[in-house]
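To start, the structure itself, in structure tokens.
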Amino acid sequence: MRLYALAVYLFLYVPIGIIVLFSFNAGKAASQLQGLSVQWYGKALSNTFVVEAFQTSLIVALTSSVLATVFGTMAALALQGVKGKTRALFDAMIYIAVMVPGIVIGIATLIAMVTLFDVLNPMLKLIFASAETAPQLGLGYGSLIAAHGLFSMSLVIIIVRARIAGMDRSLIEASADLGATPFGTFRQVTLPQIFPGILAGALLAFTFSFDDFIIAFFVAGSNTTLPIYVFSSIRRGVTPEINAIGSMVLAVSLCLLITAQSILRRGAAKS
Amino acid sequence: MSDRNDFISRTKFMEELMRYKKGSVSRRHFLGVTGLGLATSVLGATLSRQAMAQANIGDRVVIASWPNYHDPADFESFKAATGAAVDLNVFGSNEEMLAKLQAGGTGWDVFVPTNYTITTYVELGLIEPLDMSKIPNYDANAFDPRFAGPGTVDGKIYAVSKDWGTTGMATNTANNNSKAVTSWKEFWDITQGAFSGRTTVHDYQLTTIGNALKYFGYSFNSVDPKELADAEKLLLDVKPHLFAITSDYQPAMRNGDAWLAMCWTGDGKQLNRDMPEIEYTLGKEGGEIWSDFYAVPIGAPHRDAAYALINYLLDPAINMKETLFHGQPVADARVNAMLTPERLADPILYPAAELLNALEFGAAETLTNPDRAELMARFKSA
Amino acid sequence: MFPATAWFVAMLVLPLIVVFVFSFGERGPAGGYVPAFSFANFLNLGARWAAFKNTMVLAPIGTIACLFIAYPLAYFLAVRASAKWQTMLLILVIVPFWTSILIRSYAWIFLLGGKGLPNVFAALGLGHIQLINTPFAVLVGIVYGYLPLMVFPIYVSLERLDKRLLEAASDLGAPPLNTFLSVTLPLSMPGVATGCMLVFILLMGEFLIPAMLGGGKVFFVGNALVDLFVQSRNWAFGSAVAVALVLVMLVTVTAYMRFTRRWSGGRDDISLM
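Chains as they are written, first to last, in our numbering: chain Y, 10 to 280; chain B, 92 to 473; chain F, 1246 to 1518.
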């Protein structure tokens, strides 16, 4: 059993080991080790396009996950009181949003938006007297955040709803009986109970958005997210710079994960 | 002439070039020592470096181009000279570039289309007529009209010549008794035989379909349904024997996974330079001759930087460095005047006349023809 | 609830309607879309049969391969691993998931390419074995990419399992295999069902792994779709392929959920954590 687990961990970590190893390559090739150096880390960090792609990914992932978490939690709470056809319709939309592949969402968003812009942009030109200064709609942050948020929001609704279902309802009733306002009850009783679900949903939403390639590939317009940058670097011919970027993302996420874990453990110990 | 400039040997030249590339000497020193500064100024190319540095062109320029097609050092020196960093995006076919431009929002400032696509880009209103006053390094008289001509549509210059080349094949002769494959018949046959699992073809309808058509002796540009059906049958028969369908085949050829590749001149030159056992040959039956261009898409977000970059890359001294790097011949007589006689006689870059005469330029119709597009898509998804 | 509804309508319902409408249209003269009404695109779907077949074969195989590799690991983590190491080992399962799948697949291009494992095999006298650009390479990439998604739900369901049941079974003299088959396995079924569905849904729309490890030779529907939009520029036919893919998924996933609900105790949520 233990040996088996070891084998699986080897399978998981040998490729990652290779990525990290070659990130320290002194040579230019991504497949032949020619001495060790940290030059590619310096190159990656001083490459404006890498830094900007990272910023874009961060902005998109943060915005879309925050919006998705807020709206998703609101929807999950509101859905408690909804029954019948409305409920069935909403469930169907969540179901479809989770199930339709990202590639179809990406393509659908692309052609819908391009078609819409083709109609709206000439109208904008008419409204604004001069064609030069008329604002023109295009793909970019807006479409990225909206498309990522769709999937993220569905995730949040599902997770938070599962948490609500497992919640102890008598506490809410008790709180109301003791004269607490509905908002007070929400803040002091409901929220603490569903909070782990909200946090889990937000984390998943962030990870999904930060790592997504295929939706961004279609709807990013001229913006470059980190996965898009990595993809075009691989096409350009890989240098250890890409390995360095991958290793850094890995190290940062590992730190975040361990920090989050220890915070949660401390929180658990307190309560 | 000063005593430093009148003679420089080939080895010394290469040495200086390497030093310049590494950045250990300045460009001024390099041009002075090699006599290129003199040559370029005599030939009338203006080194507008100061002019570029003064004009504010922004901090970036985005270019869409092909695999293994630019010397990164030239982008670095452009950044040093102008402050604009170059973001290079690589594509494997003209169709892919067209698809991106049609969907809009590419963010590209410059891209590299091939001769046969330019009329379509003009018709679709996707590229702008170039403001030639911003490209002083372009001297129309210095360019071979055979290669630079397609850039002019309805009397307006929409694209300026980057380089030209052929589409042939690269054989790793170590695996074929030191013999290179020399015809498209042999290319497709050996792939289904001794080279099974070792051949790559382009992810590009024009050349992959075109060279399958050559197997039957049809025109490279055929859109005849019956001829295309023959080509499709051949491609489907060959598919299980292919190593990959990719336009970036250098890595597979270099590490020995692939032994035979449908190949462009420059990749053939780069492979042969580093691994002499890999030989570049043209198909006896013919195939493609092409020329590539720099063009500016409508709505380029960094238009000034786009022009500055094109002008920079057309500076004969820079263009010479580029051609030495990518291994495609250029159509600019000013650059050729600086190249060594050995280089100008290189059979990879400048094939024998009888081989060259059999080649065809791509036809505009192949870009938009729905049958060829769908044939390629079926071949890939089969 | 209003913002969520608006979001769903604007970003899901309307775009899907546009795709549906486009699927009846025609390719423009230079590519793109022109309005029309015909079923030609749907009648032509047979031209992508190979891609659908590949997907319908490799997605289930990939899911099952993931399951068989993930289950023993999840079991080890939930039941056998010492409490001290459990959290650490769990984190180690997720960590690879946090590196871009692009970069991880790139590592496999190297490992499966001529200078990697085939080189080792050749040295062992096994002759030339091509791994990269084969369905096998794509399966390796799939298992590698989606293993954590399978391990987690199974781990969660095994963790919830009351360990006293196992002790009781062994105290009563049940052989370990019997205990596993009659107690552990049935109780972990909800996790298995969730994990399989997650992986299967993602695989049905997969593009990146076949694109990177298949060398243009192993095509999923996702690859055929991307090709139609970024190479042959046939938006109308591409929309028809997208509609067909969504329909195939709706049917298979709904059927799968009906079938699994029986042994997953009627839970209709997807438990991810």
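All residues carry an ideal CB built from backbone N, CA and C; glycine is no exception.
Small disclaimer: the values here were computed from a predicted structure and weren't measured.
Taking Cβ-Cβ distances shorter than 9 Å, what residues in chain F pair up with residue i?
i	result
residue 222 of chain Y	1345, 1346, 1347, 1452, 1453
residue 334 of chain B	1375, 1377, 1378, 1460, 1462
residue 18 of chain Y	1318, 1334, 1337, 1338
residue 348 of chain B	1358, 1359, 1360, 1363, 1375, 1377, 1378
So what does residue i bridge to, in DSSP terms?
i	result
residue 45 of chain Y	Y:34
residue 1246 of chain F	Paired residue(s): none; residue 1246 of chain F is not in a bridge.
residue 354 of chain B	B:259
residue 318 of chain B	None, per the DSSP bridge assignment.
residue 77 of chain Y	Paired residues: none, contrary to the question.
residue 491 of chain B	The requested residue 491 of chain B is not part of the displayed model; chain B covers only 92 to 473.
residue 1274 of chain F	F:1276
residue 291 of chain B	B:335, B:352
residue 218 of chain B	B:388
residue 365 of chain B	Paired residues: none, contrary to the question.
residue 378 of chain B	B:450
Checking contacts by CB at 7 Å: is residue i closer than that to chain B?
i	result
residue 88 of chain Y	no
residue 230 of chain Y	yes
residue 1537 of chain F	The structure shown does not extend to residue 1537 of chain F, since chain F is modelled only from 1246 to 1518, so the question has no answer here.
residue 58 of chain Y	yes
residue 1361 of chain F	no
residue 1295 of chain F	yes
Does any residue of chain Y have a CB that is nearer than 7 Å to the CB of residue i?
i	result
residue 185 of chain B	no
residue 200 of chain B	no
residue 176 of chain B	yes
residue 1301 of chain F	no
residue 1249 of chain F	yes
How about residue i: is its C-beta nearer than 7 Å to some C-beta of chain F?
i	result
residue 337 of chain B	yes
residue 472 of chain B	yes
residue 493 of chain B	In the structure displayed, chain B extends from 92 to 473; residue 493 of chain B sits before or after that span and is not available.
residue 155 of chain Y	yes
residue 255 of chain Y	yes
residue 108 of chain Y	yes
residue 469 of chain B	yes
Taking Cβ-Cβ distances shorter than 9 Å, what residues in chain Y pair up with residue i?
i	result
residue 1483 of chain F	116, 120
Can you tell me whether DSSP reads residue i as helix, strand or coil?
i	result
residue 63 of chain B	Look at the range of chain B in this structure, 92 to 473, and you will see that residue 63 of chain B is not part of it.
residue 371 of chain B	strand
residue 1388 of chain F	helix
residue 249 of chain B	coil
residue 151 of chain B	strand
residue 285 of chain B	coil
residue 1350 of chain F	helix
residue 1453 of chain F	helix
residue 385 of chain B	strand
residue 181 of chain B	strand
residue 451 of chain B	strand
residue 110 of chain Y	coil
residue 209 of chain B	helix
residue 1467 of chain F	helix
residue 1416 of chain F	helix
residue 234 of chain B	strand
residue 156 of chain B	strand
residue 1479 of chain F	strand
Residues of chain B with a CB under 8 Å from the CB of residue i: which are they?
i	result
residue 123 of chain Y	194, 195
Check the Cβ of residue i against every Cβ in chain F and list those closer than 8 Å, keeping chain order.
i	result
residue 270 of chain Y	1332, 1336
residue 111 of chain Y	1450
residue 459 of chain B	1274, 1275, 1276
residue 189 of chain B	1275, 1276, 1478
residue 464 of chain B	1276, 1476, 1477, 1478, 1479
Would you mind telling me which residues of chain B sit closer than 7 Å to residue i, beta carbon to beta carbon, in chain order?
i	result
residue 241 of chain Y	180, 181
Determine the chain Y residues that contact residue i at a beta-carbon separation under 8 Å, and present them in chain order.
i	result
residue 1395 of chain F	Here the premise fails: no neighbours, minimum Cβ distance about 11 Å.
residue 159 of chain B	246
By the criterion of Cβ-Cβ separation under 7 Å, what are the contact partners of residue i in chain F?
i	result
residue 294 of chain B	1461
residue 80 of chain Y	1248, 1249, 1252
What does residue i touch in chain B if you count any residue whose Cβ is under 9 Å from its own?
i	result
residue 147 of chain Y	195, 196
Which full runs of the alpha helix (DSSP H) of 4+ residues lie inside the segment 190-261 of chain Y, going along the chain?
-> 191-194, 200-220, 223-228, 235-245
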